[in-house]
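Mapping of the sequence shown onto my numbering: residues 12 to 68, in sequence order.
Remarks on the structure that follows.
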Amino acid sequence: MAKYVVTATSRSGQKVNAITGAPSDEKAIHSDKELREFKAAAAADPRDLDVTVRPLD
Numbered sequence: 012m013a014k015y016v017v018t019a020t021s022r023s024g025q026k027v028n029a030i031t032g033a034p035s036d037e038k039a040i041h042s043d044k045e046l047r048e049f050k051a052a053a054a055a056d057p058r059d060l061d062v063t064v065r066p067l068d
């Protein structure tokens, strides 16, 4: 079961969602390790992503 939902939005308006071409996308995260990996990948992404994390209760 998912623990978090993350939203990644490009500050520069570049495509983040590969299907719709939108500048933001959401993803379910299932573990703390996966969340750390996602944040590290987003920090290195050239699209200048702003990441918000919403915990699921």
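Ideal Cβ placement from N, Cα and C applies to all residues, glycine included.
| Check | Outcome |
| --- | --- |
| Where are the beta strand (DSSP E) runs, 3 residues long or more, that stay fully inside the region 40 to 65, in chain order? | none |
| Any heavy atom of the ligand ADP closer than 8 Å to the beta-carbon of E45? | With respect to the ligand ADP, the structure offers nothing, as it holds no ligand at all. |
| Measuring CA to CA, which of G24, I30, L67 is closest to D61? | G24 |
| May I have the straight-line CA-CA distance separating A52 from S42, to the nearest angstrom? | 15 Å |
| Which two residues bound the contiguous beta strand (DSSP E) that contains S21? | 15 to 21 |
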